[in-house]
Amino acid sequence: MIIDGSEKSLRKFLSDLPPVDQVGAEARAAMLATRSIKTSSKAWAIDMAISMVDLTTLEGADTPGKVKSLCAKAVRPDPSDLTVPSVGAICVYNDMVKIARSELDRIGGKSLPVAAVATAFPSGRASLAVKKIDTQDAVDAGANEVDMVIDRGAFLSGRSYDVFEEIRVIKEICGEKAHLKVILETGELVTYDNVRKASFLAMLAGADFIKTSTGKVAPAATAPVVLVMLEAVRDYFTLTGEKIGVKPAGGIRTTKDAIKQLVLVKETAGEQWLTPDLFRIGASALLNDLLMQRMKLRSGHYASANYVTVD
Amino acid sequence: MSSLDVNKTYKLFIGGAFPRSESGRVYEIKGANKKFLANPALASRKDLRDAVVAAKSAQSGWANATAFNRGQILYRIAEIMQGRSEQFVEEICALEGVTTKAAKIQVVEAIDTWVWYSGWCDKLSSVSGSQNQVSGPFYNFTTPEALGVIALFAEGKPSLLGAVRTLAPVLAGGNSAILIASESYPLPAITLGEVIATSDVPGGVVNILTGKTSELLPWIGSHMEIDGVDVAGLNKKQEDEIKLVGADNLKRISRFALGNHPERILSFMEHKTIWHPIGI
Numbered sequence: 470m471i472i473d474g475s476e477k478s479l480r481k482f483l484s485d486l487p488p489v490d491q492v493g494a495e496a497r498a499a500m501l502a503t504r505s506i507k508t509s510s511k512a513w514a515i516d517m518a519i520s521m522v523d524l525t526t527l528e529g530a531d532t533p534g535k536v537k538s539l540c541a542k543a544v545r546p547d548p549s550d551l552t553v554p555s556v557g558a559i560c561v562y563n564d565m566v567k568i569a570r571s572e573l574d575r576i577g578g579k580s581l582p583v584a585a586v587a588t589a590f591p592s593g594r595a596s597l598a599v600k601k602i603d604t605q606d607a608v609d610a611g612a613n614e615v616d617m618v619i620d621r622g623a624f625l626s627g628r629s630y631d632v633f634e635e636i637r638v639i640k641e642i643c644g645e646k647a648h649l650k651v652i653l654e655t656g657e658l659v660t661y662d663n664v665r666k667a668s669f670l671a672m673l674a675g676a677d678f679i680k681t682s683t684g685k686v687a688p689a690a691t692a693p694v695v696l697v698m699l700e701a702v703r704d705y706f707t708l709t710g711e712k713i714g715v716k717p718a719g720g721i722r723t724t725k726d727a728i729k730q731l732v733l734v735k736e737t738a739g740e741q742w743l744t745p746d747l748f749r750i751g752a753s754a755l756l757n758d759l760l761m762q763r764m765k766l767r768s769g770h771y772a773s774a775n776y777v778t779v780d
Numbered sequence: 604m605s606s607l608d609v610n611k612t613y614k615l616f617i618g619g620a621f622p623r624s625e626s627g628r629v630y631e632i633k634g635a636n637k638k639f640l641a642n643p644a645l646a647s648r649k650d651l652r653d654a655v656v657a658a659k660s661a662q663s664g665w666a667n668a669t670a671f672n673r674g675q676i677l678y679r680i681a682e683i684m685q686g687r688s689e690q691f692v693e694e695i696c697a698l699e700g701v702t703t704k705a706a707k708i709q710v711v712e713a714i715d716t717w718v719w720y721s722g723w724c725d726k727l728s729s730v731s732g733s734q735n736q737v738s739g740p741f742y743n744f745t746t747p748e749a750l751g752v753i754a755l756f757a758e759g760k761p762s763l764l765g766a767v768r769t770l771a772p773v774l775a776g777g778n779s780a781i782l783i784a785s786e787s788y789p790l791p792a793i794t795l796g797e798v799i800a801t802s803d804v805p806g807g808v809v810n811i812l813t814g815k816t817s818e819l820l821p822w823i824g825s826h827m828e829i830d831g832v833d834v835a836g837l838n839k840k841q842e843d844e845i846k847l848v849g850a851d852n853l854k855r856i857s858r859f860a861l862g863n864h865p866e867r868i869l870s871f872m873e874h875k876t877i878w879h880p881i882g883i
């Protein structure tokens with residue numbers, strides 16, 4: 470253990486973290502974004518990105534019908550082409566978990582995980598008791614992954630130990646049943662230093678994944694933020710030998726955006742992270758663009774949105 | 604006082620902005636007197652792809668604007684064009700080598716074309732639509748609706764009128780357009796882009812690419828998101844080629860007789876028939 474679990478040791482660890490070189494991080498992310506990925510590499514990247522998508526619907530207007538059609542799309546993104554891989558997971562609100570699970574099991578998606586957003590998503594403004602019940606509810610409903618939000622208010626006012634404790638308690642509820650993804654909501658953390666601190670804090674508290682954003686706040690998964698988080702994950706692996714996943718979410722809409730993310734992963738955390746077990750992309754509109762680019766590569770001509778589903 | 608010549612390197616018009624070609628290329632055009640005139644951008648297939656994305660996302664908003672509003676905006680293009688007619692005359696003279704008088708006539712005709720089609724916007728559904736008789740307690744209406752994204756190969760000569768003749772009817776019907784300027788006579792089309800950018804036309808409804816027709820043609824033909832093509836500026840061989848590659852998505856490929864006609868608007872529209880119970 471690199472900290473002993475006490476508030477003092479956590480504070481010392483976080484304050485000893487080196488600051489992020491803001492200009493350097495932005496320049497590096499921008500430089501990596503210029504890399505050109507073509508032909509067979511692009512085909513590989515598109516399939517990899519599809520298998521990493523956490524197909525998401527987090528709207529007040531979600532219905533069982535919408536969730537079910539999303540499940541069908543998750544298992545077989547392009548019904549006319551069986552070589553397209555299934556996506557990484559389905560991501561829904563708590564009350565839709567049961568519906569998603571039973572639908573996936575019914576249509577041959579037993580191995581596809583269902584992720585639930587818990588702990589008063591997206592603001593995280595509720596008492597710990599409510600957050601615990603929220604999480605327990607998701608796990609009981611059959612969620613394989615829990616996406617929790619941290620209390621940004623507590624983090625920003627310096628009460629990082631409260632955040633740490635909260636993540637630890639939620640992790641206990643998840644236990645062996647569900648993976649825990651911790652949403653940092655980087656758009657509200659203001660600085661890259663905070664992103665680095667929050668990343669380490671979440672990993673120390675037991676996160677299996679660290680996730681950029683809820684998708685409800687802009688800016689969301691910007692390239693420099695993902696870079697900083699990938700560096701944190703890499704450094705944590707060097708310190709502990711433990712591999713933590715990263716999930717950018719929000720604002721990744723095109724194949725180009727997704728491939729840029731994959732380049733970041735390869736160049737920062739390394740090739741071992743290029744798997745759906747350690748890297749996911751939270752998105753809804755992205756999948757259609759990936760499918761259209763895949764059609765373009767196969768047929769040689771530009772595809773039309775008329776040939777993919779309206780979600 | 605003599606001043607330094609400012610040689611222009613023009614850009615494309617995509618999504619309401621003026622980007623350089625993604626490829627970074629330009630090509631040289633010469634005037635009728637064989638002297639250097641300007642460097643227009645040489646669009647690549649990726650510029651075309653970007654233009655289609657812009658045109659597609661702008662199209663529904665344009666089609667859903669009231670026909671009256673569309674008419675007003677087309678009329679506005681005519682107004683702005685009139686203010687810049689001198690520039691158009693200069694460009695036409697330099698490119699085509701015609702007299703100032705002939706160039707002026709062409710500009711006036713182009714402006715009239717906008718006004719003519721702007722008037723058609725809110726009259727089209729009355730003239731071409733109908734209330735159909737059916738044997739039941741229903742109303743049955745047929746109305747024309749926009750097709751979608753239309754690619755236009757403008758004629759080379761007359762350079763300005765050729766561009767306006769293809770563009771105006773497509774906009775009047777509520778389609779968005781990708782105008783491929785004539786390879787040898789692109790200047791008036793480029794200036795037309797500058798006019799359109801300041802005429803309240805929503806960004807992306809009109810996109811203008813300059814470059815090699817032969818390079819863009821197969822990509823336009825095979826692009827599944829492009830619903831129709833006006834082949835005014837293509838020769839017979841090129842027309843056959845685009846028909847061949849455009850068959851996959853049943854692209855509507857048309858060539859029109861010269862002159863203004865409502866049929867030019869309707870060619871890039873679909874007729875929709877709806878039933879509605881009487882008394883509700």
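So the sequence lines, in the order shown, correspond to chains A and B. Quick note on numbering: the first sequence equals residues 470 to 780 in the numbering used here. Quick note on numbering: the second sequence equals residues 604 to 883 in the numbering used here. All C-beta atoms in this analysis are idealised placements derived from N, C-alpha and C, irrespective of residue type, glycine included.
Does the beta-carbon of A/P548 have 16 or more other beta-carbons within 10 angstroms, so that it is buried, or is it exposed?
Exposed, since its Cβ has fewer than 16 Cβ neighbours within 10 Å.
A/D550 to B/Q736, Cα distance in whole Å?
Roughly 45 Å separates the two Cα atoms.
Applying the criterion that 16 or more other CB atoms from any shown protein chain within 10 Å of the CB defines a buried residue, is B/H874 buried or exposed?
The residue in question, B/H874, is exposed, as its Cβ has fewer than 16 Cβ neighbours within 10 Å.
When you compare the CB positions of B/K815 and B/E786, do they come within less than 8 Å of one another, or not?
The answer is yes: Cβ separation under 8 Å.
Just tell me which of A/S571, A/N563, A/M521, A/D564 has its CA closest to the CA of A/A541.
Of A/S571, A/N563, A/M521, A/D564, the residue nearest in Cα terms is A/S571.
Skipping 5 residues on each side, what residues in its chain have a beta carbon closer than 8 Å to that of A/K640?
Cβ within range, chain order: L649, A674, G675, A676.
Pick out the complete beta strand (DSSP E) segments inside the segment 632-684 of chain B, 3 residues or longer, and give them in chain order.
The segment 632-684 of chain B contains these whole beta strand (DSSP E) runs: 639-641.
Could you please give the first and the last residue of the uninterrupted alpha helix (DSSP H) stretch that includes A/T604?
597-609 is the extent of the alpha helix (DSSP H) around A/T604.
Return the chain-ordered ranges of every alpha helix (DSSP H) run that is complete within the segment 754-829 of chain B and spans a minimum of 4 residues.
Within the segment 754-829 of chain B, the complete alpha helix (DSSP H) runs of at least 4 residues are 762-775, 790-800, 816-825.
Output needed in chain order: residues of the segment 809-836 of chain B with a Cβ under 8 Å from some Cβ in chain A.
So the list reads W822, S825, H826, M827, E828, given in the order they occur along the chain.
Hey, is B/R628's beta-carbon within less than 8 Å of any beta-carbon in chain A?
By this cut-off, B/R628 is not an interface position.
Alpha carbons only, please: which of A/W742, A/G751, A/A530 is nearest the one belonging to A/E711?
Ranking the options by Cα distance to A/E711, first place goes to A/W742.
Spatial neighbours of A/D662 within its chain, please: C-beta separation below 7 Å, excluding the five flanking residues on both sides.
Closer than 7 Å at Cβ, skipping near neighbours: P488, V489.
Chain A partners of B/N642, CB-CB under 8 Å?
Near B/N642 there are no residues of chain A at all, since even the closest Cβ is about 25 Å away, more than 8 Å.
Residues of chain B with a CB under 9 Å from the CB of A/Y771: which are they?
Result: R648, L651, R652, V655, W822, S825, H826, M827, E828, I829.
Note down, in chain order, every chain B residue with its Cβ under 8 Å from the Cβ of A/S774.
Strictly speaking, residue 774 of chain A in this sequence is Ala, with Ser absent from that position. Per Cβ cutoff of 8 Å: K659, E828.
Taking Cβ positions only, does B/N852 come closer than 8 Å to chain A?
Yes, contact with chain A.
Could you give the C-beta distance for B/I676 and B/D830, rounded to a whole number, given that I count them as a contact under 8 Å?
With 8 Å as the limit, B/I676 and B/D830 do not qualify as a contact, their Cβ atoms being about 21 Å apart.
A/R504: buried (16+ other C-beta within 10 angstroms of its C-beta) or exposed?
Per the 10 Å Cβ criterion, exposed.
How many Å lie between A/L747 and A/E654 at the Cα?
If you take the alpha carbons of A/L747 and A/E654, they lie about 19 Å apart.
Within the same chain, show all residues whose beta-carbon is closer than 6 Å to that of B/R648, passing over the 5 residues directly before and after it, in chain order.
Cβ within range, chain order: W822.
For the beta strand (DSSP E) containing B/S857, list its first residue and its last residue.
Counting along the chain, the beta strand (DSSP E) containing B/S857 begins and ends at 855-857.
Taking all protein chains shown into account, decide if B/K638 is buried (16 or more other Cβ within 10 angstroms of its Cβ) or exposed.
So B/K638 counts as exposed.
Please classify A/L649: does DSSP put it in a helix, a strand, or coil?
A/L649: strand per DSSP, three-state reduction.
Under three-state DSSP, which class holds A/L479?
Note: A/L479 maps to helix in three-state DSSP.
In three-state terms, what does DSSP make of A/F678?
Reduced to three states, the DSSP call for A/F678 is strand.
To which residues does DSSP link A/C560 through a beta bridge?
A/C560 is bridged to A/T525, A/A584.
Which same chain residues end up closer than 6 Å to A/N563 when comparing Cβ atoms and leaving out the 5 residues on each side of it in sequence?
Contacts found: A585, D606, A607.
Taking DSSP as the reference, what is the three-state secondary structure of A/S555?
Of the three classes helix, strand and coil, the one that applies to A/S555 here is coil, per DSSP.
B/Y720 lies in the alpha helix (DSSP H); which residues open and close that run?
Note, B/Y720: alpha helix (DSSP H), 703-723.
Around the C-beta of A/K579, are 16 or more other C-beta atoms found within 10 angstroms, so that it is buried, or is it exposed?
So A/K579 ends up on the exposed side.
Where B/S762 and B/V773 are concerned, what is the direct C-alpha to C-alpha distance, given to the nearest angstrom?
If I take the Cα positions, the gap works out to 18 Å.
Taking only three categories from DSSP, how would you classify B/V752?
Three-state DSSP puts B/V752 in a strand.
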